Amino acid sequence: MSEIKCPKCGTTFKIDENSYAEIVKQVRDAEFSNDIEQKVHDATEVLHAKSAAEYLKLKNEKDAEISRLEAKISSFETEKKLAVSEAVSKIKKENNELKSRFDLEKAENKSKEVILKEKYEGALKLKDEQIEQLKDFKSKQSTKMVGESLEQFCHDEFDKIRATAFPNAYFEKDNDAKSGSKGDFIFRESEDGVEFISIMFEMKNEMDTTATKHKNEDFFKELDKDRREKGCEYAVLVSMLEADSELYNTGIVDVSHRYPKMYVIRPQFFILMITLLRNSARNSLSAKKELVLAKEQNIDITHFEENIEAFKEGFARNFTLASKKFQSAIAEIDKTIDHLQKTKEALLSSENNLRLANNKADDLTIKRLTRGNPTMKAKFDALKK
Numbered sequence: 051m052s053e054i055k056c057p058k059c060g061t062t063f064k065i066d067e068n069s070y071a072e073i074v075k076q077v078r079d080a081e082f083s084n085d086i087e088q089k090v091h092d093a094t095e096v097l098h099a100k101s102a103a104e105y106l107k108l109k110n111e112k113d114a115e116i117s118r119l120e121a122k123i124s125s126f127e128t129e130k131k132l133a134v135s136e137a138v139s140k141i142k143k144e145n146n147e148l149k150s151r152f153d154l155e156k157a158e159n160k161s162k163e164v165i166l167k168e169k170y171e172g173a174l175k176l177k178d179e180q181i182e183q184l185k186d187f188k189s190k191q192s193t194k195m196v197g198e199s200l201e202q203f204c205h206d207e208f209d210k211i212r213a214t215a216f217p218n219a220y221f222e223k224d225n226d227a228k229s230g231s232k233g234d235f236i237f238r239e240s241e242d243g244v245e246f247i248s249i250m251f252e253m254k255n256e257m258d259t260t261a262t263k264h265k266n267e268d269f270f271k272e273l274d275k276d277r278r279e280k281g282c283e284y285a286v287l288v289s290m291l292e293a294d295s296e297l298y299n300t301g302i303v304d305v306s307h308r309y310p311k312m313y314v315i316r317p318q319f320f321i322l323m324i325t326l327l328r329n330s331a332r333n334s335l336s337a338k339k340e341l342v343l344a345k346e347q348n349i350d351i352t353h354f355e356e357n358i359e360a361f362k363e364g365f366a367r368n369f370t371l372a373s374k375k376f377q378s379a380i381a382e383i384d385k386t387i388d389h390l391q392k393t394k395e396a397l398l399s400s401e402n403n404l405r406l407a408n409n410k411a412d413d414l415t416i417k418r419l420t421r422g423n424p425t426m427k428a429k430f431d432a433l434k435k
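Numbering (the numbering used here), first residue to last: 51 to 435.
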């Protein structure tokens with residue numbers, strides 16, 4: 051048996067061993083649990099304290115980082131707003147400048163459009179007046195004068211701008227009919243001795259009352275022939291034929307599919323045609339100069355070789371002729387010697403004959419002359435008496 055004294059009231063209890071062991075176990079378990087709980091509590095308190103301190107420390111650090119980031123964000127936002135504001139301001143300024151420039155260009159274009167329109171209308175009016183003048187020419191003139199007036203019209207149009215637009219150009223009537231035909235006008239222009247443009251012009255017109263109407267193509271072949279014979283690069287038919295043709299009334303008609311570099315135009319496009327062809331040809335002037343220089347160098351060499359060959363041929367020919375003449379002279383001398391020999395022999399023979407004749411003359415007497423001739427004998431006898 052075991053005794054247990056209550057710590058509060060002092061009463062003593064007796065319990066058996068098993069109960070005592072159970073109570074002791076309970077006490078021990080309780081103490082252990084309490085101890086564990088206390089230790090856990092203490093550890094928890096320590097952990098809590100550490101965690102709180104660390105948390106506080108971390109919190110302070112995070113708060114500082116957050117404050118720094120917020121300040122940075124605030125600064126970034128300010129910079130962004132400033133940059134956006136500057137960009138917007140710049141864009142607005144550029145837009146205003148673009149709008150101003152657009153308005154200015156629009157005004158300038160409008161002004162140019164008005165000027166071009168006025169210029170075009172003026173040119174169109176001038177062409178209409180020229181057309182009316184040409185129609186008036188046709189209505190008032192004879193068949194011969196109609197053709198001549200068109201030529202004169204083109205000549206006058208060129209002379210109006212010759213001094214300013216074509217000061218170095220050649221534009222004259224084609225008066226060379228050695229080949230059997232000729233065009234009306236030839237235009238040529240050169241620079242530094244190099245011709246870079248040449249045009250053969252033919253002007254064709256007829257009266258509205260003409261019974262047999264000609265067509266433009268009736269003159270293509272002859273115009274092409276004149277162009278080639280006169281060494282011109284282009285051929286242009288200035289025509290008022292086929293007045294109702296939509297094709298020829300459109301402006302400049304290219305007929306090079308029929309004949310090389312040939313065009314058909316109405317009189318109002320005469321100056322324009324020369325200008326277009328001339329400006330186009332001027333672009334290739336430098337190349338033509340180089341080509342001419344190359345040809346001249348080649349020609350110089352060719353001429354040198356030709357001169358040598360000509361000298362050799364001339365020398366050989368003259369040597370042959372001289373040799374022939376020398377042989378001929380020797381032959382003639384031989385012939386002369388032979389002739390002189392024959393003459394000498396003839397003279398010698400003549401001398402012998404003369405000697406014999408002289409001897410015969412010396413032997414000639416009256417007796418011999420009258421021998422056998424009674425009549426002569428009687429006459430000489432009478433003379434003697």
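Using N, Cα and C, we set each Cβ at its ideal position, and we do this for glycine too.
Bear in mind the structure is a predicted one, so any value in this text is a computation, not a measurement.
Asked                                                                                                                                                                                               : Found
Does residue 215 pass the burial test, meaning 16 or more other C-beta atoms within 10 Å, or should it be called exposed?                                                                           : exposed
Starting from the C-beta of residue 246, find all residues in its chain whose C-beta is less than 8 Å away, skip the five residues before and the five after it, and write them out in chain order. : 239, 240, 331, 332, 334, 335, 338
Go ahead and pull the three-state DSSP assignment for residue 386.                                                                                                                                  : helix
Determine contact between the stretch 207 to 225 and the stretch 292 to 302, defined as no fewer than three beta-carbon pairs at a distance below 8 Å.                                              : no
Starting from residue 245, follow the beta strand (DSSP E) in both directions and report where the run begins and ends.                                                                             : 244 to 254
Using a Cβ-Cβ cut-off of 6 Å (strictly less than) and excluding sequence neighbours within five positions of residue 220, which residues of its own chain qualify?                                  : 238
When the Cβ atoms of the stretch 264 to 281 are set against those of the stretch 315 to 327, are three or more pairs found closer than 8 Å?                                                         : no
What's the C-alpha gap between residue 321 and residue 175?                                                                                                                                         : 16 Å
Straight-line CA distance for residue 62 to residue 72?                                                                                                                                             : 17 Å
Look at residue 253 and residue 288 and say whether their C-beta atoms are less than 8 Å apart.                                                                                                     : yes
In the DSSP assignment, the alpha helix (DSSP H) including residue 272 goes from what residue to what residue?                                                                                      : 270 to 279
How would you write the range of the alpha helix (DSSP H) that residue 331 sits in, first residue to last?                                                                                          : 320 to 332
Mapping DSSP to helix, strand and coil, what is residue 170?                                                                                                                                        : helix
Inspect the beta-carbon positions of residue 234 and residue 267 and report whether they are closer than 8 Å.                                                                                       : no
Whole-angstrom Cβ separation of residue 271 and residue 292, contact assumed at under 8 Å?                                                                                                          : Between residue 292 and residue 271 the Cβ distance is about 17 Å, and since that is not below 8 Å, they are no contact.
For residue 310, tell me which candidate among 121, 327, 325, 284 has the shortest Cα-Cα distance.                                                                                                  : 284
Nearest by alpha-carbon distance to residue 242: which of 150, 218, 137 is it?                                                                                                                      : 218
Helix, strand or coil for residue 152? Go by DSSP, reduced to three states.                                                                                                                         : helix
Can residue 282 and residue 324 be called in contact, C-beta distance under 8 Å?                                                                                                                    : no
Helix, strand or coil for residue 227 per DSSP?                                                                                                                                                     : coil
Just the Cα atoms here: how many angstroms apart are residue 140 and residue 150?                                                                                                                   : 15 Å
Check the DSSP bridge columns for residue 314 and list the partner residues they point to.                                                                                                          : 287, 303
On the DSSP bridge list, what partners appear for residue 118?                                                                                                                                      : Answer is none; residue 118 lacks a bridge partner.
Could you give the DSSP three-state label for residue 309: helix, strand or coil?                                                                                                                   : coil
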